[in-house]
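Shown next, in structure tokens, is the structure this report addresses.
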Amino acid sequence: MRIAYLFGSLTRGGTETLMLDVFRHAPEHGLDAIGVYRKTGEYEQDFLNSGIPMFKLTPGDGKLNYLLSLRKLLLNNQVDIVHAQQPIDAFYAFFACLGTKIKVMLTLHGYDFNDNKASKFILKYIISRTDRNIFVSKSQLDFYVKRFKLNPVKQRVVYNGISFSKIKDVFDKKAIDELQGEQNIKKELNLSPDTLLLSSVGNFIPVRDQMTLCRFANLLKKQGVDFQLLLIGKRLDFVASQYDDCVSYCRENDLLNHISFLGMRTDVPQILAQSDAFVYATDYDTFGIAVAEAMATGIPVFVNDWEVMSEITVYGKYATLYKTKDERDLVKKFMLFLKHKNDYISKAQLAQQFVRETYNIESHISNLMQQYEF
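So the sequence shown is residues 1 to 374, counted in full-length UniProt numbering.
So this is what it looks like as structure tokens:
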């Protein structure tokens, strides 16, 4: 059985990172796959080097020509199932595969809250016409089933997976000692060895809420805590205000000595392993792979009580939940962490074990392959 995975662009995002890990581990699981993408991106060379055949097809102005080219590619490569990672690609695949025996599947990696009218129309049209839809959390599945009155039989949950070979383990002394040289983030930022290091990972897009973290940092500064908050993630032109507003707030409240805007980094696992804690704020994440990676590292995690985060942390058993958009509640719980660090570190150890057993890439691929059985 051959699966064709359809992508938009190969940028460095959560979906692309997940699928790159899937491609790299595909051979050992017997997953026969090809990749088809419309646009380039930072991950293009990584995908080309993954060992999975990749094909670039660009729609341009001729959508009909694109559909015919896609159809020809799928048939020539004897594809059995097309698995799209975006509604628009499932939409294209649906029409390209008409009259064939090729089945069309769609994974919904997000919500449609900020979609434009055209995107909402495409989603509404295609979500009930696919052969199967995959969701990355039960909360997300329940939302879409209710919203679009979907047939529950065709809807499945497959939790995201992480390749732990790239994740550092804070309880592995040898691995951590190796970070004390050139990769030491405190040295890079000229911080004191005693400064408390907090990190958060995620591009500045509407799904996230970095402003709550900035307000949290302002309250933490007033408590007299020596800390540095590292905000790792890109500023994107189409939502530039989300980043710019955070920078302006930090400037107005004299926080730029306590918050570092690091942009996109390729050494996130190393930074997480050197952090004392991970803080996160979301408006409507569907899984929160950055949160899971932080838990897998073994550091204490603080995340707001958005229903998906409650789900993946087993309702706060493996992370500290604070009230959404309530920086005062976050500060209150963070100060308890500073007073009882050992208790939180013990909780982080349990969380690490749970995440590595539950959200590993091997389980993800295995669960994914089960969904290809019709």
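Glycine residues also receive a C-beta, built at the ideal position from the N, C-alpha and C atoms.
Exposure of S137, with buried meaning 16 or more beta-carbon neighbours within 10 Å: As a first step, residue 137 must be located in the sequence shown, where it is residue number 137. Residue burial annotation: S137 is buried, with at least 16 other C-beta atoms found within 10 angstroms of its C-beta.
With DSSP as the reference, label F55 as helix, strand or coil. Residue 55 sits at position 55 when you count from the first residue of the sequence shown. Strand at F55.
Compare the beta carbon distance of A277 and I299 with 8 Å and say whether it is the shorter of the two. Your numbering for residue 277 matches position 277 in the sequence shown. Your numbering for residue 299 matches position 299 in the sequence shown. It is a contact, given that the beta carbons lie within the stated cut-off.
Does DSSP put T266 in a helix, a strand or coil? Here residue 266 corresponds to residue number 266 of the sequence shown, with the count starting at 1. T266: coil per DSSP, three-state reduction.
Pull up the distance between the alpha-carbon of G35 and that of Y322, whole angstroms please. As a position in the sequence shown, residue 35 is number 35, starting the count at 1. As a position in the sequence shown, residue 322 is number 322, starting the count at 1. Computed Cα separation, rounded: 40 Å.
Less than 8 Å between the C-beta atoms of D115 and L123, yes or no? As a working mapping, residue 115 is identified with position 115 in the sequence shown. As a working mapping, residue 123 is identified with position 123 in the sequence shown. Less than 8 Å divides the Cβ of D115 from the Cβ of L123.
Give the C-beta separation of residue 390 and L220 to the nearest angstrom, bearing in mind that I take them to be a contact with Cβ-Cβ under 8 Å. The question about residue 390 has no answer here: the residues shown for the chain are numbered 1 through 374.
Is the distance from the Cβ of V82 to the Cβ of M54 below 8 Å? Looking up residue 82 in the sequence shown gives position 82. Looking up residue 54 in the sequence shown gives position 54. No. Outside cutoff.
Would you mind stating whether I126 and A90 have Cβ atoms separated by less than 8 Å? Residue numbering aside, residue 126 sits at position 126 when the sequence shown is read from its first letter. Residue numbering aside, residue 90 sits at position 90 when the sequence shown is read from its first letter. A Cβ-Cβ contact shorter than 8 Å links I126 with A90.
Does the Cβ-Cβ distance between S270 and C246 come in under 8 Å? Residue numbering aside, residue 270 sits at position 270 when the sequence shown is read from its first letter. Residue numbering aside, residue 246 sits at position 246 when the sequence shown is read from its first letter. The amino acid occupying residue 270 in the given sequence is Gln; Ser does not appear at that position. No, they are not a contact pair.
Using DSSP with H/G/I as helix, E/B as strand and the rest coil, what is A273? Residue mapping note: residue 273 aligns to position 273 of the sequence shown, counting from 1. The answer is helix: DSSP assigns A273 an H, G or I state.
In DSSP terms, what M105 is bridged to: Within the sequence shown, the letter at position 105 stands for residue 105. Paired residues: H83, R132.
Just the C-alpha distance for K168 and V268, rounded to the nearest angstrom, thanks. Taking the first residue of the sequence shown as position 1, residue 168 is located at position 168. Taking the first residue of the sequence shown as position 1, residue 268 is located at position 268. It is roughly 10 Å from the alpha-carbon of K168 to the alpha-carbon of V268.
Taking all protein chains shown into account, do 16 or more other C-beta atoms lie within 10 angstroms of the C-beta of H340, making it buried, or fewer, making it exposed? Counting from 1 along the sequence shown, the entry for residue 340 is found at position 340. Exposed, because fewer than 16 other Cβ atoms sit within 10 Å of the Cβ of H340.
Does the distance from the C-beta atom of A273 to that of Q352 stay below 8 Å? Position 273 of the sequence shown, counted from the first residue, corresponds to residue 273. Position 352 of the sequence shown, counted from the first residue, corresponds to residue 352. Cβ atoms of A273 and Q352: not closer than 8 Å.
Tell me, please, whether the segment 181-200 touches the segment 275-291 by the rule of three or more beta-carbon pairs shorter than 8 Å. Counting C-beta pairs with one atom in each stretch, the segment 181-200 and the segment 275-291 have three or more that are closer than 8 Å, which means they touch.
What do you get for T282, buried or exposed, if any count of 16 or more other CB atoms within 10 angstroms of its CB means buried? Taking the sequence shown and counting its residues from 1, one reaches residue 282 at position 282. That one is buried.
Going by beta-carbon coordinates alone, are residue 422 and A84 separated by less than 8 Å? Here the chain has residues from 1 to 374 only, and residue 422 is not among them.
Report the rounded CA-to-CA distance for G233 versus G99, giving the unit in angstroms. Position 233 of the sequence shown holds residue 233. Position 99 of the sequence shown holds residue 99. Those two C-alpha atoms are separated by around 43 Å.
Between T286 and Q140, how many whole angstroms is the CB-CB distance? I'm expecting something under 8 Å. Counted from its first residue, the sequence shown places residue 286 at position 286. Counted from its first residue, the sequence shown places residue 140 at position 140. The pair is a contact, with the Cβ atoms about 5 Å apart (cut-off 8 Å).
In this structure, how does DSSP classify K323 when only helix, strand and coil are distinguished? For the purposes of this step, residue 323 is taken as the residue at position 323 of the sequence shown. Three-state result, K323: coil.
Cβ-based neighbour list, E42, same chain, cut-off 7 Å, excluding 5 preceding and 5 following: For the purposes of this step, residue 42 is identified with residue 42 of the sequence shown, where counting begins at 1. Correct list, in chain order: T11, R12.
Do you know how far the Cα of R208 is from the Cα of I88? Mapped onto the sequence shown, residue 88 falls at position 88. Mapped onto the sequence shown, residue 208 falls at position 208. I88 and R208: Cα-Cα distance of roughly 23 Å.
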